[in-house]
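Comments concern the structure below.
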Amino acid sequence: MRTLFITVATAVGLALLPLAAQAEGCYLCGSGSSPQCRDYCRYSGADTFDARKSCEKKGCRVVGPTSCPTGGTYAICQAPEPPGGPVLAQIPWCAPA
């Protein structure tokens, strides 16, 4: 029974590993930002110069990095995703449409 539990826990951990590698965050947008980026700009990947610049191109005057809000009536624009590398494996039911 213990071996079964360890096997299942390991399989679940390995299945969730790619989810942990995909970071996402937001920048707080200051006064003078465009209406669609009035409050936040969401980016995917790491907090990099390119992510910050892509939010600025959307009209966000970046004040600093912050966590993304989960509710409310915030204006959040989406920065373009950085170009991805090669796909090593893809689960059919998780593939983007």
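Taking my numbering, the leading residue of the sequence shown gets 1447, the next gets one more, and so forth.
Using N, Cα and C, we set each Cβ at its ideal position, and we do this for glycine too.
In terms of Cα proximity to arginine 1484, the closest of Ala1521, Cys1514, Ser1513 is Ala1521. Arginine 1488: member of the beta strand (DSSP E) spanning 1486–1490, first to last residue. For cysteine 1475, no alpha helix (DSSP H) segment is defined; the enclosing uninterrupted segment is the beta strand (DSSP E) at 1470–1475. Here alanine 1525 is buried. Its C-beta has 16 or more other C-beta atoms within 10 Å.
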